[in-house]
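Here is the structure we will look at.
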Amino acid sequence: MSTSSSLHELTAAELADLLARKEVSAREALDAVYARVEEVEEDLHSFVLLTRETAERQAAEVDEARAKGEPLPPLAGVPIALKDIYCTKGIPTTCCSRILEGFVPPYDADVIERCRAHRLVFVGKTNMDEFAMGSSTENSAFGPTRNPWDLDRVPGGSSGGSAAAVAASETVLAMGTDTGGSIRQPASLCGVVGLKPTYGRVSRYGVIAYASSLDQVGPITKDVRDCALLLGALAGHDPRDSTSLPDPPPNYTRALTGEIKGLRVGLVKEFMEYQGVGVAPEVAEAVKAAIARFEELGAVCREVSLPHLNYSIPVYYILAPAEASSNLARYDGVQYGYRSADADGIIEMYRNTRNEGFGAEVKRRIMLGTYTLSAGYYDAYYLKAAQVRTLIRRDFDAAFEDCDVLVGPVSPTVAFRLGEKADDPVQMYLSDVCTIPVNLGGLPGMSIPCGFSPDGLPIGLQLVGPPLAEETLLRAAHAFEQSGQFHRRRAVPVRQRKGRRSAVVREG
Amino acid sequence: MAEYAANIGLEVHAELSTKTKVFCGCLTAAGAPPNTQVCPVCLGFPGSLPVLNRAVVDYALRVVLAFNCEVSRPSIFERKGYYYPDLPKNFQISQKRAPLGRSGYVEFPVDGEMHRVRIADIHIEEDAAKLTHPEDDRAHSLVDFNRAGMPLLEIVSEPDMHSPSQVEGYMNAIRSALLYLGVSEARMEQGQLRFEASVSVRPADRAELGIRVEIKNLNSFRAVLGAVKYEIARQTKAVQAGETILQETRLWDDLHEVTAPMRTKETAMDYRYFPEPDLMPLVVDDEWIARVRAELPELAGRRRERLVREYALSDYDAGILTAEKALADLFEAAVSRGAPAKPAANWLTGRFLYLLNERNLTAADAALSPEALAEVVELVESNTISGPAARQVFDRIAFSGESAKKVVAELGLTQISDQDELGTTIDEVIAEHGDAAENYRKGKESALKFLVGQVMRKTRGRANPKLATELLEKKLKAD
Ligand SMILES: [Zn+2]
Numbered sequence: 206m207s208t209s210s211s212l213h214e215l216t217a218a219e220l221a222d223l224l225a226r227k228e229v230s231a232r233e234a235l236d237a238v239y240a241r242v243e244e245v246e247e248d249l250h251s252f253v254l255l256t257r258e259t260a261e262r263q264a265a266e267v268d269e270a271r272a273k274g275e276p277l278p279p280l281a282g283v284p285i286a287l288k289d290i291y292c293t294k295g296i297p298t299t300c301c302s303r304i305l306e307g308f309v310p311p312y313d314a315d316v317i318e319r320c321r322a323h324r325l326v327f328v329g330k331t332n333m334d335e336f337a338m339g340s341s342t343e344n345s346a347f348g349p350t351r352n353p354w355d356l357d358r359v360p361g362g363s364s365g366g367s368a369a370a371v372a373a374s375e376t377v378l379a380m381g382t383d384t385g386g387s388i389r390q391p392a393s394l395c396g397v398v399g400l401k402p403t404y405g406r407v408s409r410y411g412v413i414a415y416a417s418s419l420d421q422v423g424p425i426t427k428d429v430r431d432c433a434l435l436l437g438a439l440a441g442h443d444p445r446d447s448t449s450l451p452d453p454p455p456n457y458t459r460a461l462t463g464e465i466k467g468l469r470v471g472l473v474k475e476f477m478e479y480q481g482v483g484v485a486p487e488v489a490e491a492v493k494a495a496i497a498r499f500e501e502l503g504a505v506c507r508e509v510s511l512p513h514l515n516y517s518i519p520v521y522y523i524l525a526p527a528e529a530s531s532n533l534a535r536y537d538g539v540q541y542g543y544r545s546a547d548a549d550g551i552i553e554m555y556r557n558t559r560n561e562g563f564g565a566e567v568k569r570r571i572m573l574g575t576y577t578l579s580a581g582y583y584d585a586y587y588l589k590a591a592q593v594r595t596l597i598r599r600d601f602d603a604a605f606e607d608c609d610v611l612v613g614p615v616s617p618t619v620a621f622r623l624g625e626k627a628d629d630p631v632q633m634y635l636s637d638v639c640t641i642p643v644n645l646g647g648l649p650g651m652s653i654p655c656g657f658s659p660d661g662l663p664i665g666l667q668l669v670g671p672p673l674a675e676e677t678l679l680r681a682a683h684a685f686e687q688s689g690q691f692h693r694r695r696a697v698p699v700r701q702r703k704g705r706r707s708a709v710v711r712e713g
Numbered sequence: 017m018a019e020y021a022a023n024i025g026l027e028v029h030a031e032l033s034t035k036t037k038v039f040c041g042c043l044t045a046a047g048a049p050p051n052t053q054v055c056p057v058c059l060g061f062p063g064s065l066p067v068l069n070r071a072v073v074d075y076a077l078r079v080v081l082a083f084n085c086e087v088s089r090p091s092i093f094e095r096k097g098y099y100y101p102d103l104p105k106n107f108q109i110s111q112k113r114a115p116l117g118r119s120g121y122v123e124f125p126v127d128g129e130m131h132r133v134r135i136a137d138i139h140i141e142e143d144a145a146k147l148t149h150p151e152d153d154r155a156h157s158l159v160d161f162n163r164a165g166m167p168l169l170e171i172v173s174e175p176d177m178h179s180p181s182q183v184e185g186y187m188n189a190i191r192s193a194l195l196y197l198g199v200s201e202a203r204m205e206q207g208q209l210r211f212e213a214s215v216s217v218r219p220a221d222r223a224e225l226g227i228r229v230e231i232k233n234l235n236s237f238r239a240v241l242g243a244v245k246y247e248i249a250r251q252t253k254a255v256q257a258g259e260t261i262l263q264e265t266r267l268w269d270d271l272h273e274v275t276a277p278m279r280t281k282e283t284a285m286d287y288r289y290f291p292e293p294d295l296m297p298l299v300v301d302d303e304w305i306a307r308v309r310a311e312l313p314e315l316a317g318r319r320r321e322r323l324v325r326e327y328a329l330s331d332y333d334a335g336i337l338t339a340e341k342a343l344a345d346l347f348e349a350a351v352s353r354g355a356p357a358k359p360a361a362n363w364l365t366g367r368f369l370y371l372l373n374e375r376n377l378t379a380a381d382a383a384l385s386p387e388a389l390a391e392v393v394e395l396v397e398s399n400t401i402s403g404p405a406a407r408q409v410f411d412r413i414a415f416s417g418e419s420a421k422k423v424v425a426e427l428g429l430t431q432i433s434d435q436d437e438l439g440t441t442i443d444e445v446i447a448e449h450g451d452a453a454e455n456y457r458k459g460k461e462s463a464l465k466f467l468v469g470q471v472m473r474k475t476r477g478r479a480n481p482k483l484a485t486e487l488l489e490k491k492l493k494a495d
């Protein structure tokens with residue numbers, strides 16, 4: 206299987222093994238990945254920037270070091286795609302916003318430093334909803350990314366480019382960020398594995414902020430082992446992030462024992478329906494089948510209720526825009542990025558720069574946040590939302606007294622069509638109903654493939670654990686994954702010569 | 017006509033003298049070229065995050081404890097949002113609802129009586145960048161981010177001052193405390209100490225405060241006092257005329273010595289405060305408080321009492337010495353090097369302060385070393401140099417930092433106390449001024465003074481005047 210033409214399809218663990226045994230070179234793996242990019246990128250648009258020069262240099266350095274017999278980290282030479290939200294020294298970073306046009310960060314984010322230290326090879330910067338605000342990647346200033354399983358559908362968002370790139374084997378590994386579901390929801394919609402770590406597990410230093418108290422960086426990978434490997438590379442204390450957790454991270458791959466006998470699994474009632482409306486039948490069915498599978502594997506499953514989760518959406522849409530309105534205040538045309546050419550005086554420069562530089566969804570959230578933080582409204586909105594957030598956390602605490610892992614769907618539906626929800630922000634917001642509570646709780650959450658709709662679209666299962674229970678999630682996810690075949694399916698995005706676009710699915 | 021009383025409150029912004037900035041590791045040293053002490057954090061670059069400098073909390077705690085405040089536990093950092101090009105993130109990290117310290121007080125003497133001003137709130141915040149507007153390029157302004165992220169302490173008083181002299185006493189007490197605590201250099205001219213005042217007037221027999229007017233752009237003690245006086249007069253006159261005082265912010269105009277309303281647009285600010293999500297709540301535990309309390313230096317009031325007790329100084333002299341920490345430090349250091357207390361104190365409260373005032377400097381700016389001061393005192397006491405010579409020496413060492421002995425040697429100022437050497441000069445003087453000598457012999461006492469003066473002139477002040485007088489008398493009577 207290790208012909209260089211199919212190297213891009215390998216998992217990171219498989220590729221790392223071949224690299225370590227010098228059966229292939231980092232350069233060959235990179236070439237395979239770029240060949241794949243060339244093949245499908247025109248249809249998918251996963252990337253907003255290919256960093257070919259950097260990648261070739263990094264691959265060459267790894268190959269050289271290996272030839273000299275220098276000790277290398279396990280993932281050395283493995284290609285990775287980076288969401289365009291991390292500051293990368295010398296490489297443009299835009300958050301897919303016009304307002305950061307031309308911005309070249311003078312420093313690396315902590316996670317980028319770690320990637321460099323692990324000798325990963327940077328394929329490129331991936332597409333995303335502008336400033337990570339969205340659930341479909343349609344809010345990118347560079348145009349949308351398409352779902353590799355069906356080119357008429359969205360890949361989810363905001364880390365849609367990263368999820369699509371992994372699903373289409375345009376990269377081996379990818380990284381995303383998750384503020385309200387931005388790793389898990391696109392992973393679910395693209396049929397790959399995504400993990401949002403415990404808040405504070407991975408440093409936010411150098412990650413362009415959307416909502417600081419919710420943002421977290423995490424891996425998007427082809428399977429659970431890769432997820433454990435990449436999380437191990439990214440996690441750890443960073444004194445430059447005051448919210449970074451001091452606990453040293455464990456060796457996550459050791460958690461992949463396949464053994465989950467006696468694991469207490471809780472199916473969250475509020476994940477299955479919101480305001481009396483249940484999730485799509487095929488999603489409900491896949492989740493129930495997953496519960497049955499967990500029982501077969503020896504887990505003990507029950508239904509649990511966390512009543513305050515019903516307030517997650519309003520709480521999130523008060524807190525996140527409030528923080529965003531402040532975090533995005535710095536984009537004013539003074540120091541970096543886009544500046545309106547047409548302005549007379551400082552106030553007009555601010556106004557025109559921000560008006561021309563931000564997209565509609567970003568403006569909507571800035572206005573929401575500015576409003577709720579205004580004098581006279583603070584107590585009724587921000588303060589109240591912060592209080593309800595505490596109640597949501599308590600619900601989780603109570604549930605974790607009886608459960609090791611909570612499960613449910615990631616998204617109430619499979620991937621929707623491009624444009625389907627673009628004009629209805631509330632419908633779009635509802636697609637994160639199952640993922641948002643996990644961010645509000647600061648908890649680790651994971652999406653793994655658990656089935657396909659009759660149309661062949663992937664469905665994700667969400668696993669949620671108490672703080673720092675990433676190992677439990679990975680162990681459960683790995684046991685589930687290894688008991689089935691979902692993770693072996695690969696999307697093959699091709700345009701049909703005639704008629705409407707569709708996707709072909711094949712067993713890998 | 018009814019009597020009116022004023023209530024004045026002050027907000028003091030003091031730049032703390034920690035080695036690095038409040039939320040990043042950039043240096044705070046003054047005088048660096050523009051935009052050289054900067055990093056992604058204090059430039060507010062995308063993705064950057066603040067990390068609280070522990071030393072800033074240490075410094076702030078000293079002030080909080082010295083001013084008898086309660087410590088908020090936890091205290092919370094918040095974002096204060098407004099758009100201005102000197103604010104790299106367009107919000108300032110500050111504290112609002114849970115400041116580090118609150119409900120304290122400061123006491124200081126005014127006209128011989130102690131006055132107490134309650135402190136409402138002491139909090140930590142970051143400074144903004146410095147804007148300059150070049151004369152020759154009206155289209156641009158220049159931003160120096162070296163100042164962005166410098167640690168500031170804001171001390172907010174209750175409106176417990178009622179007269180300009182109380183305001184002056186309060187400002188002196190705050191400045192003195194900051195220097196004694198070693199937390200700020202408190203130099204007004206470098207913007208290390210900035211003020212905002214609030215003034216209201218009310219009928220003297222009514223407790224309820226009048227409408228509060230805030231005054232900004234106060235860049236010196238003089239400006240604060242001028243603005244307060246002006247505002248009390250303006251408001252009193254308005255109230256007497258039955259006018260309503262507007263609740264507004266006014267700017268002090270240093271040139272015309274008046275206050276004028278700020279444009280309403282700028283006063284109607286909504287800062288949209290909310291908790292800074294990038295910083296954890298600051299929890300100062302008992303141990304931390306105990307450690308800072310144990311290390312608190314002696315403040316001016318206590319030191320003044322001690323100087324009276326230990327060195328038998330008058331309360332007045334001790335008060336002058338302790339008003340500026342550097343002055344009292346000089347005094348004690350000179351005494352510990354053997355200088356007798358009284359003359360050392362006299363030099364400092366007399367000639368030294370005169371020289372400083374003349375140059376508009378403070379003791380901390382001068383180069384006078386305690387060793388040199390001790391030497392001057394010793395040289396005078398031992399009659400090695402004359403009074404006028406000592407003053408000449410002192411004027412030089414006060415700003416050069418040289419050793420007094422070295423200067424005396426260099427200028428050849430050693431007092432002539434040798435009878436033979438002086439005798440020769442005296443003979444010459446008597447010979448040259450026969451009339452005066454004759455007058456003296458005839459009983460005109462004032463002639464002796466003239467002759468002593470001539471001896472001093474001839475020796476360029478080096479003659480020991482006492483000895484010269486004795487010798488002259490002896491010689492004139494003997495003749
Ligand atoms: Zn800095």
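Here the protein sequences line up with chains A and B, keeping their order.
In terms of our numbering, the first sequence opens at residue 206 and continues consecutively.
In terms of our numbering, the second sequence opens at residue 17 and continues consecutively.
Ideal Cβ placement from N, Cα and C applies to all residues, glycine included.
Taking 8 Å as the threshold, the shortest C-beta distance from Gly282(A) to chain B does not fall below it. For a Cβ distance threshold of 9 Å, residue set Ser530, Ser531, Ala534, Thr575 and Leu578 of chain A lies close to Gly97(B), ordered along the chain.
Neighbours of Pro311(A) across chain B, judged by C-beta separation under 7 Å: Pro56.
When Cβ pairs closer than 8 Å are counted between the two stretches, the stretch 246 to 256 of chain A is seen not to touch the stretch 224 to 236 of chain A, the count staying below three.
Taking every protein chain shown into account, the CB of His272(B) has fewer than 16 other CB atoms within 10 angstroms, so this residue is exposed. Listed by position along chain B, the residues whose Cβ is nearer than 8 Å to that of Ile413(A) are Pro62 and Gly63. Ligand 1 has a heavy atom closer than 7 Å to the beta-carbon of Gly165(B).
For Cys40(B), the distance from the CB to the nearest heavy atom of ligand 1 is below 7 Å. Per DSSP, the continuous alpha helix (DSSP H) segment holding His683(A) begins and ends at Glu675 to Gln687. By the rule that beta-carbons nearer than 8 Å mark a contact, Met296(B) touches chain A. Using a cutoff of 7 Å, the CB of Val57(B) counts as near ligand 1, since one of the ligand's heavy atoms is closer than that. Between Ala213(B) and Ala243(B), the C-beta spacing is below 8 Å. Residue contact with chain B for Arg445(A): present (Cβ-Cβ distance below 8 Å to some residue of chain B). For Ser214(B), the enclosing beta strand (DSSP E) stretches over residues Leu209 to Pro219. Taking a C-beta cut-off of 8 Å against chain A, the contacting residues of the stretch 88 to 114 of chain B are Arg95, Gly97, Tyr99, Pro101, Pro104, Lys105, Asn106 and Phe107, listed in chain order. Taking Val593(A) as the centre and dropping the five residues before and after it, the same chain places the C-beta of Tyr516 and Val520 closer than 6 Å to its C-beta, in chain order. From the beta-carbon of Leu59(B), the residues of chain A found nearer than 8 Å are Gln540. Using beta-carbon distances, Arg409(A) counts as an interface residue toward chain B, with a partner under 8 Å. Residue-level contact by beta carbon fails for Ser364(A) and chain B, as no gap is shorter than 8 Å. Residue state for Met338(A) is assigned as coil, using DSSP reduced to three classes. Per DSSP, the beta-bridge partners of Ser652(A) are Gly399(A) and Gln667(A).
Not a single heavy atom of ligand 1 lies less than 7 Å from the C-beta of Val67(B).
Where Ser110(B) is concerned, the enclosing beta strand (DSSP E) starts and stops at Phe107 to Ser110.
In the three-state reduction of the DSSP assignment, Ser91(B) falls in the strand class.
CA-CA distance, Ala368(A) to Glu275(A), rounds to 33 Å. With contacts defined by Cβ atoms closer than 8 Å, Arg113(B) and Val300(B) do not form a contacting pair. When the Cα atoms are used, Leu438(B) and Lys465(B) turn out to be separated by approximately 16 Å. Residue range Gly117 to Val126 is occupied by the beta strand (DSSP E) that includes Pro125(B), with no alpha helix (DSSP H) assigned at that position. For Val309(A), the number of other beta carbons within 10 angstroms of its own is below 16, and it is reported as exposed. If you check each beta-carbon in the stretch 265 to 296 of chain A against every beta-carbon of chain B, the ones closer than 9 Å belong to Ile290, Tyr291 and Cys292.
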